[in-house]
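Each remark here refers to the structure printed beneath this line.
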């Protein structure tokens with residue numbers, strides 16, 4: 009498979025997982041978190057899916073399309089190792105949905121990041137909240153859920169925190 013085909017399949021999986029998760033939390037009160045803004049496509053999709061939710065974004069440096077940049081009061085700017093503790097003070101255990109698409113092409117670095125990322129996300133996730141993520145995470149109070157029908161296993165990961 010070409011890298012383009014792989015990218016398209018990853019984006020389709022991401023969209024299908026986000027659509028599914030948004031349907032689960034549409035009527036649940038609480039913020040939504042986007043970890044990694046990139047060019048803003050996923051943030052924009054979350055705004056479309058969940059217009060009544062506050063969406064907070066974590067990003068090292070903003071390089072997104074101008075229409076896809078969150079307001080300053082919903083942006084945690086800087087390295088996630090520094091911004092997550094700040095966010096936890098304001099959003100601890102309140103997020104109903106967290107989407108994270110962090111990582112690099114380096115498998116070992118991604119695994120190390122995942123070891124830190126799971127507990128960091130858990131500090132922000134509400135009981136019964138959902139996590140959509142591009143890598144496997146091991147958090148004791150989370151249960152892995154099956155992917156939507158069209159998403160190949162292990163392409164994207166869906167977790168739900170215990171209530």
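Numbering (this note's numbering), first residue to last: 9 to 171. All C-beta atoms in this analysis are idealised placements derived from N, C-alpha and C, irrespective of residue type, glycine included. Everything numeric in this text was worked out from a predicted model, so none of it was measured.
Spatially closest choice to residue i from the options, by CA coordinates
{"i": "residue 102", "options": "25, 73, 75, 139", "result": "139"}
{"i": "residue 53", "options": "27, 116, 71, 141", "result": "27"}
{"i": "residue 91", "options": "43, 120, 126, 61", "result": "43"}
{"i": "residue 158", "options": "11, 19, 12, 34", "result": "19"}
{"i": "residue 144", "options": "134, 135, 163", "result": "163"}
{"i": "residue 98", "options": "156, 78, 71, 134", "result": "134"}
{"i": "residue 169", "options": "35, 75, 106", "result": "106"}
{"i": "residue 94", "options": "132, 63, 78", "result": "132"}
{"i": "residue 39", "options": "75, 96, 109, 10", "result": "96"}
{"i": "residue 23", "options": "120, 122, 79, 109", "result": "109"}
{"i": "residue 122", "options": "154, 165, 11", "result": "165"}
Rounded distance between the beta-carbons of residue j and residue i, thought under 8 Å
{"i": "residue 149", "j": "residue 21", "result": "In fact, because the Cβ distance is near 25 Å, the residues do not count as touching under 8 Å."}
{"i": "residue 89", "j": "residue 48", "result": "Going by Cβ atoms, the distance from residue 89 to residue 48 rounds to 22 Å, so no, they are not a contact pair."}
Distance between residue j and residue i (C-alpha atoms, nearest Å)
{"i": "residue 69", "j": "residue 81", "result": "15 Å"}
{"i": "residue 59", "j": "residue 127", "result": "28 Å"}
{"i": "residue 5", "j": "residue 124", "result": "Here the chain covers residues 9 to 171 and nothing more, so residue 5 does not appear."}
{"i": "residue 84", "j": "residue 65", "result": "6 Å"}
{"i": "residue 46", "j": "residue 171", "result": "31 Å"}
{"i": "residue 37", "j": "residue 14", "result": "35 Å"}
{"i": "residue 152", "j": "residue 141", "result": "11 Å"}
{"i": "residue 136", "j": "residue 130", "result": "11 Å"}
Local Cβ density within 10 Å of residue i, reported as buried at 16 or more and exposed below that
{"i": "residue 100", "result": "exposed"}
{"i": "residue 146", "result": "exposed"}
{"i": "residue 56", "result": "exposed"}
{"i": "residue 16", "result": "exposed"}
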